[in-house]
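Taking this note's numbering, the leading residue of the sequence shown gets 227, the next gets one more, and so forth. Have a look at the structure below before the remarks.
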Amino acid sequence: TQLDALFNATFPAVAQAATKSGRAITGHPSALVFKWDTVAHHADLFAGIPVQADTAASMDGLLLQTVAAGRALMVPYHGNYDQSEKAHNALGEMMKAHGLELRDAVIEEYVTDPTTEPDTAKWLTNIYYPIK
């Protein structure tokens, strides 16, 4: 898929740039999802890896995106990525039931590397909904 191609190109490039710039990698590959349109089959997202904060340094022309600290709902999702919609729907229903609003992009944190773990049942994705 287009997302697979994006992630397969981006995550290794970010890891290499972080190492080259001397920044510590502080988390797992992640996507910040600003818009996900299932009707038009369009997504607006940022793919990257959390790195040590340092606003003065660049990383070989890569964009740096700051994620503000704050409250969030989180679901650990196990399984193939193509079934994660169920977890997103559950988070959306919880937000609606409690009158909560998103304050920022949805975050998918890909804890398990699918290139090293072939069993999709063992894939862990932490899904975060930052709330106001």
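In this text, a Cβ means the ideal position worked out from N, Cα and C, and glycines have one as well. Fair warning: this is a prediction, and the values are worked out from it, not measured in the lab.
Same chain, Cβ closer than 7 angstroms to residue i, neighbours up to 5 away in sequence not counted
{"i": "Leu-232", "result": "Ala-273"}
{"i": "Trp-349", "result": "His-304, Gly-305, Asn-306, Thr-338, Pro-340 and Glu-343"}
{"i": "Ala-241", "result": "Ile-251 and Ile-275"}
{"i": "Ala-298", "result": "Tyr-354, Tyr-355, Pro-356 and Ile-357"}
Nearest neighbour of residue i, chosen from the options [CA to CA]
{"i": "Ala-313", "options": "Ala-295, Val-332 and Glu-327", "result": "Val-332"}
{"i": "Ala-257", "options": "Gly-248, Ala-243 and Gln-291", "result": "Gln-291"}
{"i": "Pro-220", "options": "Asp-345, Thr-346, Gly-318 and Asp-263", "result": "This structure cannot speak to residue 220, because the chain is shown only from 227 to 358."}
{"i": "Met-321", "options": "Ser-310, Met-300, Val-265 and Gln-309", "result": "Met-300"}
Simplified DSSP assignment, three categories, for residue i
{"i": "Gly-294", "result": "The sequence given here has Ala at residue 294, not Gly. Three-state result, Ala-294: coil."}
{"i": "Gly-325", "result": "coil"}
{"i": "Leu-229", "result": "helix"}
{"i": "His-304", "result": "strand"}
{"i": "Thr-245", "result": "helix"}
{"i": "Pro-220", "result": "No statement about residue 220 is possible, as the shown extent of the chain runs from 227 to 358 and does not include it."}
{"i": "His-314", "result": "helix"}
{"i": "Lys-261", "result": "strand"}
{"i": "Ala-279", "result": "coil"}
{"i": "Thr-338", "result": "coil"}
{"i": "Ala-250", "result": "coil"}
Counted within 10 angstroms of its Cβ, other Cβ atoms place residue i as buried (16 or more) or exposed
{"i": "Pro-302", "result": "exposed"}
{"i": "Phe-260", "result": "exposed"}
{"i": "Arg-249", "result": "buried"}
{"i": "Thr-351", "result": "buried"}
{"i": "Val-277", "result": "buried"}
{"i": "Thr-244", "result": "Note on identity: in this sequence residue 244 is Ala, with Thr being the wrong assignment. With 16 or more Cβ atoms within 10 Å of its Cβ, Ala-244 is classed as buried."}
Cut-off 6 angstroms between Cβ atoms - residues of its own chain near residue i, not counting five sequence neighbours on either side
{"i": "His-254", "result": "Glu-335, Tyr-336 and Val-337"}
Min CB distance residue i to chain C below 7 angstroms
{"i": "Lys-261", "result": "Although the question refers to chain C, the structure presented lacks it and comprises just one protein chain."}
Cβ-based neighbour list, residue i, same chain, cut-off 8 angstroms, excluding 5 preceding and 5 following
{"i": "Leu-328", "result": "Met-321, Tyr-355, Pro-356, Ile-357 and Lys-358"}
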